[in-house]
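>
2 protein chains.
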Amino acid sequence: MIKNDYHHGNLKDDFLKIAFDFIAKEDVEKLTLKILSDATGTSRSAIYRHFSSKEELIETMIQKGFDDFDTFVSPSLKDKEKSLIDRFYLSAKAYLEFAKQNPNLYRLLFGNKYAKIRESAINIKDDDCSGFASLKLAIEEGQKSGILKKEDSFMRTILIWSSLHGLSSLVIDGFMDIDKMSDELCESMFADMLNNLVTNKVKFLSNMPFGDGILKPNR
Amino acid sequence: MIKNDYHHGNLKDDFLKIAFDFIAKEDVEKLTLKILSDATGTSRSAIYRHFSSKEELIETMIQKGFDDFDTFVSPSLKDKEKSLIDRFYLSAKAYLEFAKQNPNLYRLLFGNKYAKIRESAINIKDDDCSGFASLKLAIEEGQKSGILKKEDSFMRTILIWSSLHGLSSLVIDGFMDIDKMSDELCESMFADMLNNLVTNKVKFLSNMPFGDGILKPNR
DNA sequence: AATTTTATGTTAACATTGTTCACATAAAAC
DNA sequence: GTTTTATGTGAACAATGTTAACATAAAATT
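Protein chains in written order, with the working numbering: chain A, 1 to 219; chain B, 220 to 438.
If you want it as structure tokens, here you go:
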């Protein structure tokens, strides 16, 4: 807190804050240690007193990033006051929204470049990945209550997640004109993703997205 | 062809070949110009007589990579001797297979790192992207013939592509245990992707993947 | 209170990377 | 046979991540 010219106070947090501010605007690939030292007014090697390498800084960012992601997406999925369908819909919307609002962070978390760092940062394989696990749990909950078909929940989880991840990636990586990605279009897609899960007994009164079928979320 | 000690013959092609050989095993991020000069036995600056920069080399690789991708995936989709459902199924399988066989190339083509280079290499936006366009055409063909629902073909195309891209990415980026990705599981997922497209009038006799419903491809 | 230890910051130097420039040599064009 | 063009070399640059030796302030110990 006390600013004397030598010791900085809480350099480590400052480095992280500046790094996150940076990837709010530019890709993490362009983040350089010089940017961090310049922004903090320290020397180029000061960061090595707080992180053993650039990779360790990235690893810390990944850990915090997954916390942020989870905080943004999970509550909608776990909100027991809403119907399961609503929860799926709202968390899917949150997922895409997180990616759109934080494209560089999303790529850092789910991209390949730091896959090894991610694997050491969090245990993401199979059921251990928090996002994956909670999605799978929600699907299994729906299967028990009879809302969803009693099929392979692992496969269903993968397919939902693939659709969300693929859509988010294609959007933020510039593969489709973002202007064409209207809310209505997204809702149609989310409806499609969910339509495969619900039991055969449910009749869809309309093919319109959330028109008047079961998939219309309460908003 | 004639090897004298100074002029190399066809260095440009050799550079490209070595680069593709490299990303067959390692990520394109690790490809360095020194690797190329060492492998060809030339000096470190020789490559600049054939590519104005490393980015231009990458751009050439992206162009050729998309050609390879198209050659691998498109024929199945355009094979008029097969049913439309079969064509969807087989090209989806080819898509995933290409990503699994060429993970580093797939990431180079569809990842974010070289997005700008890709955009200058090929016109990928909207209908101009060859893969996207041919998928959309196939969907519209199915809509005309009555096999597929007459809904927004753009949205349907995006969702199918998102599912394929997301699944491929998650698989090659280590988000799921590859051993759990059995052929049967993939087939179930492809079936799910397609189930949303087919007309309501079609009755599915089974929920089993390609069990005995319309979605069973001829193999 | 004085001393020692630990934490934190600085400066100088390194190897690696992509890149450029002046120069060298072979092939092609005239 | 001379000139022009294409292609390759070697030396040098700045930027990057990193390390080592040194410096200073805070904390711990006596």
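Every residue, glycine too, gets a C-beta built ideally from N, C-alpha and C.
Give me the residue from A:105, A:29, A:49 with the minimum Cα distance to residue 64 of chain A.
Your numbering for residue 64 of chain A matches position 64 in the first sequence. The candidate whose alpha carbon is nearest that of residue 64 of chain A is A:105.
> In its own chain, which residues sit with a C-beta less than 7 Å from the C-beta of residue 62 of chain A, not counting the 5 before and 5 after it?
Translated into the one-based positions of the first sequence, residue 62 of chain A becomes position 62. So the list reads 108, 109, 114, 117, 118, 121, once near-sequence residues are dropped.
> Would you say residue 393 of chain B lies against chain A (beta-carbon separation less than 8 Å)?
The sequence position of residue 393 of chain B within the second sequence is 174, counting from 1. Yes, contact with chain A.
> Might you give, ordered along the chain, the residues of its own chain that have their beta carbon closer than 6 Å to the beta carbon of residue 271 of chain B, omitting 5 neighbours on each side?
Numbered from 1 along the second sequence, position 52 holds the residue referred to as residue 271 of chain B. Same-chain partners within the cutoff: there are none.
> With 8 Å as the threshold, decide whether the Cβ of residue 192 of chain A is near any Cβ in chain B.
Residue mapping note: residue 192 of chain A aligns to position 192 of the first sequence, counting from 1. By this cut-off, residue 192 of chain A is an interface position.
> Counting only runs of 3+ residues fully inside the segment 237-305 of chain B, write out the beta strand (DSSP E) ranges in chain order.
If we require 3 residues or more, the segment 237-305 of chain B turns out to have no beta strand (DSSP E) run fully inside it.
> Select from the segment 112-124 of chain A all residues with a C-beta closer than 8 Å to any C-beta belonging to chain B, and list them in chain order.
Per Cβ criterion, the list reads 112, 113, 115, 119, 124.
> Touch check for the segment 375-383 of chain B and the segment 404-416 of chain B: three-plus C-beta pairs under 8 Å?
The answer is yes - the segment 404-416 of chain B touches the segment 375-383 of chain B, with three or more Cβ pairs under 8 Å.
> Determine which residues share a DSSP beta bridge with residue 367 of chain B and list them.
By one-based count along the second sequence, residue 367 of chain B stands at place 148. BP columns for residue 367 of chain B point to B:417.
> Please confirm whether residue 65 of chain A has its beta-carbon closer than 8 Å to some beta-carbon of chain B.
Taking the first sequence and counting its residues from 1, the one referred to as residue 65 of chain A is at position 65. So no, residue 65 of chain A is outside the interface.
> Counting pairs of Cβ atoms below 8 Å between the segment 250-262 of chain B and the segment 226-239 of chain B, do you hit three or more?
In short, these stretches touch, since the Cβ pair count reaches three.
> With a threshold of 7 Å on Cβ separation, who are the neighbours of residue 36 of chain A within its own chain once the five nearest residues in sequence on each side are excluded?
Along the first sequence, one-based indexing puts residue 36 of chain A at 36. Excluding residues within five positions, the ones whose Cβ falls inside 7 Å are 15, 18, 19, 47.
> DSSP three-state label for residue 408 of chain B, please.
Taking the first residue of the second sequence as 1, we reach residue 408 of chain B at position 189. Looking at residue 408 of chain B - three-state DSSP - the assignment turns out to be helix.
> So, is the C-beta of residue 164 of chain A closer than 8 Å to a C-beta in chain B?
Reading the first sequence from its first residue, position 164 is the one you call residue 164 of chain A. It does: the Cβ of residue 164 of chain A has a partner Cβ on chain B nearer than 8 Å.
> Listed from N- to C-terminal order along the chain, which residues in the segment 359-377 of chain B have their beta-carbon within a distance smaller than 9 Å of any beta-carbon of chain A?
Within the segment 359-377 of chain B, the residues whose Cβ lies closer than 9 Å to some Cβ of chain A are 368, 370, 371, 373, 374, 375, 377, listed in chain order.
> For a test of the three-state rule: what should DSSP assign to residue 308 of chain B, helix, strand or coil?
Translated into positions along the second sequence, residue 308 of chain B becomes position 89. Residue 308 of chain B falls in the helix class under three-state DSSP.
> With 16 as the cutoff for other CB atoms within 10 Å, does residue 377 of chain B come out buried or exposed?
Counting from 1 along the second sequence, the entry for residue 377 of chain B is found at position 158. Classification for residue 377 of chain B: buried.
> In its own chain, which residues sit with a C-beta less than 7 Å from the C-beta of residue 94 of chain A, not counting the 5 before and 5 after it?
For the purposes of this step, residue 94 of chain A is taken as residue 94 along the first sequence, with counting starting at 1. So the qualifying residues of the chain are 72, 73, 76.
> When burial is assigned at 16 or more other CB atoms within 10 Å of the CB, is residue 180 of chain A buried or exposed?
Translated into the one-based positions of the first sequence, residue 180 of chain A becomes position 180. Exposed: under 16 other Cβ atoms inside 10 Å.
> Counting C-beta neighbours from all protein chains within 10 Å, is the total for residue 136 of chain A 16 or more, i.e. buried, or is it exposed?
By 1-based counting over the first sequence, the position of residue 136 of chain A is 136. The residue is buried, with at least 16 neighbouring Cβ atoms inside 10 Å.
> Give a yes or no on whether the C-beta atoms belonging to residue 198 of chain A and residue 160 of chain A are separated by under 8 Å.
One-based indexing of the first sequence puts residue 198 of chain A at position 198. One-based indexing of the first sequence puts residue 160 of chain A at position 160. Cβ atoms of residue 198 of chain A and residue 160 of chain A: not closer than 8 Å.
> According to DSSP, simplified to helix, strand and coil, what is residue 104 of chain A?
Within the first sequence, residue 104 of chain A is the residue found at index 104, counting from 1. Residue state, collapsed to three classes: helix.
> Rounded to whole angstroms, what is the Cα-Cα separation between residue 145 of chain A and residue 32 of chain A?
In the first sequence, the residue the question calls residue 145 of chain A occupies position 145. In the first sequence, the residue the question calls residue 32 of chain A occupies position 32. So the alpha carbons of these two residues sit roughly 51 Å apart.
> Which of helix, strand or coil does DSSP assign to residue 12 of chain A?
For the purposes of this step, residue 12 of chain A is identified with residue 12 of the first sequence, where counting begins at 1. Looking at residue 12 of chain A - three-state DSSP - the assignment turns out to be helix.
> Helix, strand or coil: which one does DSSP assign to residue 335 of chain B?
In the second sequence, counting from the first residue as 1, residue 335 of chain B sits at position 116. Correct three-state label for residue 335 of chain B: helix.
> Inspect the beta-carbon positions of residue 413 of chain B and residue 307 of chain B and report whether they are closer than 8 Å.
By one-based count along the second sequence, residue 413 of chain B stands at place 194. By one-based count along the second sequence, residue 307 of chain B stands at place 88. Yes. Within cutoff.
> By the 8 Å beta-carbon criterion, what residues does the segment 26-44 of chain A contribute toward chain B?
The segment 26-44 of chain A vs chain B, Cβ under 8 Å: 27, 29.
> Could you tell me whether any Cβ in chain B is nearer than 8 Å to the Cβ of residue 57 of chain A?
As a first step, residue 57 of chain A is located in the first sequence; it is residue number 57 there, counting from the start. No, its Cβ sits nowhere closer than 8 Å to a Cβ of chain B.
> For residue 264 of chain B, count neighbouring C-beta atoms within 10 Å of its own C-beta (all shown protein chains included) and say buried if the count is 16 or more, exposed if not.
As a position in the second sequence, residue 264 of chain B is number 45, starting the count at 1. The residue is exposed, with fewer than 16 neighbouring Cβ atoms inside 10 Å.
> Can you list, in chain order, the residues of its chain whose CB lies under 6 Å from that of residue 138 of chain A, leaving out five sequence neighbours each side?
The residue labelled residue 138 of chain A in the question sits at position 138 within the first sequence. Answer for residue 138 of chain A: 77, listed in chain order.
> Can you list, in chain order, the residues of its chain with a C-beta nearer than 7 Å to that of residue 268 of chain B? Leave out the 5 residues immediately preceding and following it.
The sequence position of residue 268 of chain B within the second sequence is 49, counting from 1. Nothing listed; no residue qualifies.
> Please name the residue in B:245, B:387, B:395 whose C-alpha comes closest to that of residue 154 of chain A.
In the first sequence, counting from the first residue as 1, residue 154 of chain A sits at position 154. Taking only the C-alpha atoms, the option nearest residue 154 of chain A is B:395.
> Nearest-angstrom Cα distance between residue 232 of chain B and residue 242 of chain B?
Start at 1 with the first residue of the second sequence, and residue 232 of chain B comes out as number 13. Start at 1 with the first residue of the second sequence, and residue 242 of chain B comes out as number 23. The alpha-carbon atoms of residue 232 of chain B and residue 242 of chain B are separated by roughly 15 Å.
> Roughly how many whole angstroms lie between the Cα atoms of residue 240 of chain B and residue 403 of chain B?
As a working mapping, residue 240 of chain B is identified with position 21 in the second sequence. As a working mapping, residue 403 of chain B is identified with position 184 in the second sequence. Roughly 31 Å separates the two Cα atoms.
> Compile a chain-ordered list of the residues in the segment 83-96 of chain A whose CB is closer than 8 Å to at least one CB of chain B.
Listed in sequence order: no entries.
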